Structure formats: structure tokens, C-alpha cells
Amino acid sequence: MGLTDLFRPKYRHSDADKRVEAIREMGLDEAALLARIAREDRVAEVRRIAIDKLEEPSLLAEISADESDSALREHTRSRAAALWISAACSASGAAVAEAAIAGLVRLGDQRALAEIAAKAEADSVRDAAMGEISEQRAFADLARNSSAHVGTRRAALAQIRDDDTLRAIATDEQRKDLAILAVERIAADEALDAVAGKAKNKAARTRARKILSERAAERAEAEAAAEVEVGNRAAEPAPPLVETEISEDKRRHAERVQLLQQISALVGGTTDWEAAAEELGELEQRWQALGTPDDAQRTRFDKARRQILSRRDAQRDEAAEAAAPAAAPVAEAPAPAPAEATGEAEGDEVVASAAEAADAAPAAAEQPGDEAAAPMAQDRAKGEAARESDEARSARRIEDQNKFSELVAELEGLAADAKIKLIDRTLQRAEKALKKLDLATSDEIKALRKRYDDARRAAFVKLKELREAEDWERWANVPRQEALIAKVKALLASDEVQKLGAQLKELQQEWKTIGPVPRNKSQELWDQFKSACDEVYQQVKQQRSQVNEEMQANLARKEALCERVEVLAESSDWDATAEEIKKLQSEWKAIGPVPRKQSNAVWKRFRGACDRFFERRKPHLEKRLAEQTQNLAKKIAMCEEAERLAESIEWKETAARLRDLQREWREVGLVPRKDAGAINKRFRAACDTFFKRRENRFEAERQAHARLVEGLRATLRAIIDGAPLPASEPDAAAEGELAEGELAAAAAEGDAGEAQADAAEAADAGEDAAADADTAADAGETAAAASPSERLLQVREQVRELSLSAADEKSFYELCDRAARACLEREPEAFRGTELDPATSRQRKHKLCARAEELAPAQQGEDAGAKQASTPEEMAERLRAALAQNALSTSLASSTDGRSTAETIADLELSWLRLGPVLGDEGKDLEQRFRAACERARQAVGQS
Numbered sequence: 001m002g003l004t005d006l007f008r009p010k011y012r013h014s015d016a017d018k019r020v021e022a023i024r025e026m027g028l029d030e031a032a033l034l035a036r037i038a039r040e041d042r043v044a045e046v047r048r049i050a051i052d053k054l055e056e057p058s059l060l061a062e063i064s065a066d067e068s069d070s071a072l073r074e075h076t077r078s079r080a081a082a083l084w085i086s087a088a089c090s091a092s093g094a095a096v097a098e099a100a101i102a103g104l105v106r107l108g109d110q111r112a113l114a115e116i117a118a119k120a121e122a123d124s125v126r127d128a129a130m131g132e133i134s135e136q137r138a139f140a141d142l143a144r145n146s147s148a149h150v151g152t153r154r155a156a157l158a159q160i161r162d163d164d165t166l167r168a169i170a171t172d173e174q175r176k177d178l179a180i181l182a183v184e185r186i187a188a189d190e191a192l193d194a195v196a197g198k199a200k201n202k203a204a205r206t207r208a209r210k211i212l213s214e215r216a217a218e219r220a221e222a223e224a225a226a227e228v229e230v231g232n233r234a235a236e237p238a239p240p241l242v243e244t245e246i247s248e249d250k251r252r253h254a255e256r257v258q259l260l261q262q263i264s265a266l267v268g269g270t271t272d273w274e275a276a277a278e279e280l281g282e283l284e285q286r287w288q289a290l291g292t293p294d295d296a297q298r299t300r301f302d303k304a305r306r307q308i309l310s311r312r313d314a315q316r317d318e319a320a321e322a323a324a325p326a327a328a329p330v331a332e333a334p335a336p337a338p339a340e341a342t343g344e345a346e347g348d349e350v351v352a353s354a355a356e357a358a359d360a361a362p363a364a365a366e367q368p369g370d371e372a373a374a375p376m377a378q379d380r381a382k383g384e385a386a387r388e389s390d391e392a393r394s395a396r397r398i399e400d401q402n403k404f405s406e407l408v409a410e411l412e413g414l415a416a417d418a419k420i421k422l423i424d425r426t427l428q429r430a431e432k433a434l435k436k437l438d439l440a441t442s443d444e445i446k447a448l449r450k451r452y453d454d455a456r457r458a459a460f461v462k463l464k465e466l467r468e469a470e471d472w473e474r475w476a477n478v479p480r481q482e483a484l485i486a487k488v489k490a491l492l493a494s495d496e497v498q499k500l501g502a503q504l505k506e507l508q509q510e511w512k513t514i515g516p517v518p519r520n521k522s523q524e525l526w527d528q529f530k531s532a533c534d535e536v537y538q539q540v541k542q543q544r545s546q547v548n549e550e551m552q553a554n555l556a557r558k559e560a561l562c563e564r565v566e567v568l569a570e571s572s573d574w575d576a577t578a579e580e581i582k583k584l585q586s587e588w589k590a591i592g593p594v595p596r597k598q599s600n601a602v603w604k605r606f607r608g609a610c611d612r613f614f615e616r617r618k619p620h621l622e623k624r625l626a627e628q629t630q631n632l633a634k635k636i637a638m639c640e641e642a643e644r645l646a647e648s649i650e651w652k653e654t655a656a657r658l659r660d661l662q663r664e665w666r667e668v669g670l671v672p673r674k675d676a677g678a679i680n681k682r683f684r685a686a687c688d689t690f691f692k693r694r695e696n697r698f699e700a701e702r703q704a705h706a707r708l709v710e711g712l713r714a715t716l717r718a719i720i721d722g723a724p725l726p727a728s729e730p731d732a733a734a735e736g737e738l739a740e741g742e743l744a745a746a747a748a749e750g751d752a753g754e755a756q757a758d759a760a761e762a763a764d765a766g767e768d769a770a771a772d773a774d775t776a777a778d779a780g781e782t783a784a785a786a787s788p789s790e791r792l793l794q795v796r797e798q799v800r801e802l803s804l805s806a807a808d809e810k811s812f813y814e815l816c817d818r819a820a821r822a823c824l825e826r827e828p829e830a831f832r833g834t835e836l837d838p839a840t841s842r843q844r845k846h847k848l849c850a851r852a853e854e855l856a857p858a859q860q861g862e863d864a865g866a867k868q869a870s871t872p873e874e875m876a877e878r879l880r881a882a883l884a885q886n887a888l889s890t891s892l893a894s895s896t897d898g899r900s901t902a903e904t905i906a907d908l909e910l911s912w913l914r915l916g917p918v919l920g921d922e923g924k925d926l927e928q929r930f931r932a933a934c935e936r937a938r939q940a941v942g943q944s
């Protein structure tokens, strides 16, 4: 450490390790300092550590632009791209994603844009990233990415122009729509043919074959149409083409078509072949001026040209033969040679043949007759042989030139977009074709050679780019294969053992879709993948073994069921057996699968036994159905009768008849299942209608009765409390009238006649309950002016007229007793001369005490003379009690009239409550005496 290091910050230390330590201690808040170190530190490793601490992608992009170290520059760019990818894929707002995509565009990282287009969740982010991709290999990677959105993959596929890339995608893609889209974008028939034979997706193979068929049909149709057009317009000039409306290529093509039409017209529309040959020369000049045609046009033009020349030569030969006997001038014999030389290839051999023929012609002319004809025939034969040789050489030269031209054109097309192997093969073929070519110094050959050199240079440039791209793709496939290896290893810890086989197969298929990787990584990655797959497959085998054991057990269970159902199939206990077979069928469904080989056979065995039983049961079911149909007719008749009775007001008779019908209904047998629910519902509805009407009829009376009882209770409570008395309660007759009114209201909802009958009955009940209607009416008229004692007497009278339960009656009389005591306390003479007169009540209570004591035995140790009777009445009561004591000793359980002692005591207690109160000590003594006697009587008969 130098002396200056003592005065410097640690991140500027002369020792790189110290600077690294200082950088690692820095936080994110020191981003500016980290950026400065990343730019200025002289050690690349120190700069790398500072770069790894930065989290701002735009800052990293700026640093990468100034970085001199290529490896570190690439590392910085990769880190910036990774941060932008993460921001774009997880952005909560569009602005963040847009900024990330813009940064990647400036960075020029097409691969990162493709990754965003594949991984981003928001459609807008994917579309924005997709719009910035321009490189074909990025589109290809995105289209192959199976994890990307389908729409994104489809859009990427639409941007790919390379037939080989499209062929690879169409061959390997599993999705039907993407595979078909790739097929439809392929232009080369060779690529389509490869897809038709090798594509994994059946729909892609079918579509490729269909496109090939359509293209073949279109070509055949176009050729046929062209031939027809030539025939129809043989003598017509082609319409002029307006150069301002079509491109230069289209103009040349149109002129070639016009020349083809003209030369075809010459072939089929003339007999003067000399004139046709002269016109052919003009057409050839115009044809060559238009440049290189396509193969089909060149073939058609050459064919027509050869036809014209051959027919011209034949015409010349015929003319020479015709002139030979007349010693025609010898100069006419070699005439074809110069013309052939001019029209075909200017060869020296043709000129020599023509000279030899010219030298031989005078000698032939000097011979007379047949002797002169033989040399002329030999000359013609030599000339014909020379022409044929010249034509063959010319044809070979033209063929070689055309083949080389085709290869040059193919090279020019490949230079734009092709694969490495195809470019290599095309270059080799072009080199071989160049060696065969006659390198004459014609302008056409020079132009062709220049095109070849240019295309060759472009192909080599493209070849270099493709090799670099291939290396890039190989490295890009490494993380994909590593990810698959991790997925396979993750299957080892999976709990879904049953799905392991399918998942493993899917991952193996995905491995096949990944392209090659660098050779130094290929074997290593494959070994890792295969090892992981083998481990998973061991688990799959174990799981399949368990499944097979379970399936064998299931097979045994199903065979046992088959044996049971085969026994039941011959049974005649139809119902019980049918239920048992249905249970067996349910058990069959609950059993799991069986081995595929035995599945169909065991199912047919089980199903056959079931069908055999149910087929035997059919006659029985038909007979049962006939019986059930008869039962249905009976129940329909019962329903009709019940529906007629539902509106009756003869309550008692109708209720009895409906109960009889219900009993008969239960006795009738079953009906068809499809009718059972409806017929039962119909009958029940008719019965419910009547009984509901009857219930509603008595409900009104019960409600009126309840209101009357509550009113009486309120009056008694008011008397007890000394509060103002409420309005007069209706008596029993009024209660009947009230019930009649309520029933009339009920009649508004139902049957008017029924309501009238109910009202009449309610009125009769009210009249029967009120023994003296006139007195009750007078009492009702004067009720408003009555005193509390008078009101109490009225209430007691009404209580006696009401039909109350024992408990309600007891509670009422208890209230009446309390009310009477309250009245007597306020006005002692209030009840004189009435049933509540205390004197009268006293006498009656003495009698009730005596009757109770008659039922109870005398107390042990009781001294009969201990207490002297105070009144003659008491003496008489004690005498009667003594006389009854002996009778009670024989039977305390029965009274003299045959009723039980308990019932007698209850009647005595109720009679006691109905009496008026006796005030003072005498009243209390009587109360205690009566209660004690009742208690002794209960104890004597064993009742508490």
C-alpha cells in the first residue's frame, strides 16, 4: 500500500482487491459513484463488479457504449437488457413498459425485444415489443417459442420470409393453426414437399400437399391458357403496354409474350419459310434485347425457332431436288450453310462444309443425267450432317449457358435469404457449371459471368452471416435445454405420480423441438437430460407396476361380479333380482379400470348376463304394466270423486267419505311410474282442498272465541287493579254473530254457499250458548253503566257459557275470585243477594270442606273433643265425617258414584273456585281446612 492510499477513499485504493471490497460495501444509494467507477476504473474486473451493483438499465446502456473491453461491454449490455426485460414484463403501468422497450431499441438488442414479446402479460406491451423487432432470426426465435402467446407467435410467423425457416417451423410445430400458417407462407415447392412428408402435425402435412396440388394445377392451367391464347391471337398484334402503368419487368415480360405470339403465328400461319426465317432474325434481335427470360418462355421461343429453320431447310432441299435434272446452278446447293451459320453459331466447321460443297458442285454439274445427281446427294448428306452437328453443339452450348444462368439466378435468390447447406450446394453446382461453359467473349457471356461473380460474393457474405447466426442460435438453445433438464429433475419431487409419464413424454417431445447447441455442450447436456429422464422413468415404471396390480385386482372383482350376475340371470324373482343386478351394476361402475386386453371381453360377459335377465323379465313387465294401467283407471275415478267432494259443505259426511277413499287408494296397487307422481298429486290436492276448507271454517270460530276470552280476562284484571273498565265484551250470542261475520268474510275468498252454511251453524251455536238471549241483550245494553261487581257477575255468567278447557276454566275462576275479593274490600255489600254473597259462599264452602273431609281419613292423634263445634252446622259436618271414616277404610280409591277419588277431588276444587270469597280469618281457616282435606285424600290414594 502506497502512502497516498492513506489519504484516498477506499474505492480509489491502488490495490484492486481493496477497491472490489469497497464496491461490495456500497449501497444502491451510491449509484452515481458506482457508475463513475464502472466508467473510469482501469481494471475490467473492478468495473464488472461495479456494473453488477447498478440497477438502472439506461445508465448501464450508456456505460456499455463507452466500454473498451468487448466481453465486459457485452456483459453490460446483457445486464441492461435483463433489467429492461424484467421491467417490461412486470410493469404495472404502460409508461414503464414503453420506456423499457425504447431503451432496448436504442440498445439494439433484438433478442431481448423478442423475449418481452414472448413473456409480457399485457397485450399492449407485447404489441409494442413486436413492433420494434426487425431481424428475421428474432422473429424465428419468437415464432418457435412455445411459451409465448399464440397471437404473438402468429404475428412473428407472419414476418418470416425464409422458406427454410418456415419449413422447419411447419415441420416441428405442434399447434395446428401455427403450423398451417407457416405452410401457407412457404413459396418454394421443395420446402412444401419436405413439410408434406415430415411435418409432425397432420393438418400441416395435409395443407402442404393441397398447396402443392393447387400450384401444379395453376401451372397446368396457365400453360393451357397460354396455348389457347396463342392460337386465338395468332394473327393479331398484342395490345400496346403503357409503361407508366406497369413496372419495367412487367413490360419486358409482356413484350416477350407478344414476341412468342408472333413467332407462334409464323409457325402455324405461313408456307414461305424463307420469309419466315428473315422475320425470325428480327424477332431474335428484339428477344435478346429484352434480357434473360424465364425457362418456360426460353423453351417456347427456341422450339418455335428450330421449327422455322428446319422447315426452311426442308423447303430448300425440295427446291434443290426439283432443279437437279435441269442442271440447276451449283451455287444453290450450299445455300443452307451460310444461313445456318448466321442463324445458329457462326462455326468454322459449317463454313468449311459449305466451301467443300461449293468446290464439289461444278464437278457434279459437268456430269450428265444420273451421274451428276449422285455427287449432289452426297453433298446434301454432308451438309445435313454438318447442320446436325452444328445444331447439337449449339444446343449443348445453349443448354449449358441456360443451366449456368439458372444457377446464377438461384445464387442471386439465395443470397437474400437461405440456409448454409443450400448455399454450399448451390455454389458447388455453379462452379461445376462454370467449368463446362464455353467462355466466349460475347456480351451475354460477359454479363452472365459478372452476375455470377456478384452473386458468389453476396453468397459468401450471407454464408458468413448464417454461420454466425447459427452459432448464436446454438448458444440460445443452451438455456432452453438446461431449463428442460431442470423441469425433468423437478418431476422427481412431484406428488402427482400418475401424471409423471405424460409429463415426461411432453418434455421429451419439447427437447426434440429445440435446435442444436454448441458441440462442446451437446453431449454434456444430452447426458444430463437422459440421466434425469431415466430416473423419472424408474418412478413411472413403479407407478405403472402398481397400476397394473390394481387393474389385475379390478379384473378379479369384475369377474366375480360376472359370476354373480350370471347366476342371477336365470332367476324368476323379478323385482328382487332386478334390484340386486342394479346394485351389481353400481358396484361395476365403482370399480376402476382393468387391463385393456381383457376390458372388452369382461364387459361383454357382464353386459350379456344383465341383458339376458332383463330380456326374460320383459313379459312379466308387460303383464305388470297391464295391471298398473287398470289401477290407474281406478285411481282416476277416485280422483274425480274426490274432486267432486272437495267443494261439499257436508263436512262430517264428506270427511268420512274422503277417509274411505284414502283407505281404498292405499289398497289399490301400483300405477305406471310415469303417471304415479301426477295421479298422487291430483288426489292429494282434492283431499287437501276439502280439509283446508273445513279447517278454515272452524278457524274463524276459534279466533272469535279467543278474542272473547281475552276480553274477559282484561275485564277481570281491570276490576282487580281498580282501573277503568273496558268496553263491554260480547256475550255468547254476540260471539256467534261475530263468527258468522268472519265466516262471511271467508266466503268472499271461497264458496258463498259454504260460508252461508258456516254462518248459520255459528249462529246456532251462539244461540245455544246464550240461554237467555233477551237477558244477555239487556245486559249488553246496560254494560256501559254497570258497576265492577255487576260486571264481575256478568263475566262469571259468560265464563259458564263458554266452552273452556279445565285449565282455562280454573285460571278464569282464580281471576274471578281475586276480582270478587277486590270488590268486597272496596264495597262489602256489593254482592248481597247474589251468587257471590259472602254468607252464601260461606255455607257452600263448609259443605265442600265436609265432602273433602269425607274423602280424607282422620288425622292420627286427633282429639275429637279437643275442639268444640262453634255452630250447629260444624257439629253436623263432624258427625258426618265420623260416620264416613269407617266406609273410607275399605276403599279410598272409589267414591259412591263410581268415580275415582282423584276425579272427585278435582271436581271439589273446581266447585270451590266457582264460589265467592269469604273474607277475614274465617275465610282463611276454611281455605286451609279445604286444602288440608284434599291433600290428605290425595295421599290416601297415593297421589301427591
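Residue 599 in UniProt numbering sits at position 599 of the sequence shown, with consecutive numbering throughout. By construction, the Cβ of each residue, glycine as well, lies at the ideal position given by its N, Cα and C atoms. These figures come from a predicted structure and were not determined experimentally.
Helix, strand or coil at residue i according to DSSP, with G and I counted as helix
i	result
residue 900	strand
residue 836	coil
residue 576	helix
residue 27	coil
residue 175	coil
residue 924	helix
residue 159	coil
residue 565	helix
residue 461	helix
residue 123	helix
residue 8	coil
Backbone CA spacing between residue i and residue j [nearest angstrom]
i	j	result
residue 79	residue 591	58 angstroms
residue 467	residue 420	7 angstroms
residue 186	residue 166	6 angstroms
residue 698	residue 816	29 angstroms
residue 549	residue 509	29 angstroms
residue 109	residue 446	43 angstroms
residue 35	residue 181	48 angstroms
Extent of the continuous alpha helix (DSSP H) to which residue i belongs
i	result
residue 197	189-198
residue 649	Here residue 649 belongs to no alpha helix (DSSP H), and DSSP marks it neither H nor E.
residue 518	No alpha helix (DSSP H) holds residue 518; DSSP gives it neither H nor E.
residue 680	673-721
residue 795	788-801
residue 50	44-53
residue 428	420-436
residue 141	136-144
residue 73	70-89
Residue closest to residue i, alpha-carbon to alpha-carbon, out of the options
i	options	result
residue 405	432, 388, 385	432
residue 719	108, 213, 485, 795	795
residue 849	488, 921, 655, 912	912
residue 286	262, 267, 274, 215	262
residue 685	670, 192, 640, 663	640
residue 214	199, 203, 192, 202	192
residue 178	161, 143, 647	143
residue 554	595, 699, 59, 643	595
residue 812	716, 521, 559, 836	716
Any non-hydrogen atom of the ligand FMN closer than 7 angstroms to residue i Cβ
i	result
residue 30	Absent from the structure shown: the ligand FMN. Ligands present: none.
Length at least 3, wholly inside the stretch 469-556: the beta strand (DSSP E) runs in chain order: If we require 3 residues or more, the stretch 469-556 turns out to have no beta strand (DSSP E) run fully inside it.
Secondary structure, beta strand (DSSP E): runs of 3+ residues fully inside the stretch 580-668: If we require 3 residues or more, the stretch 580-668 turns out to have no beta strand (DSSP E) run fully inside it.
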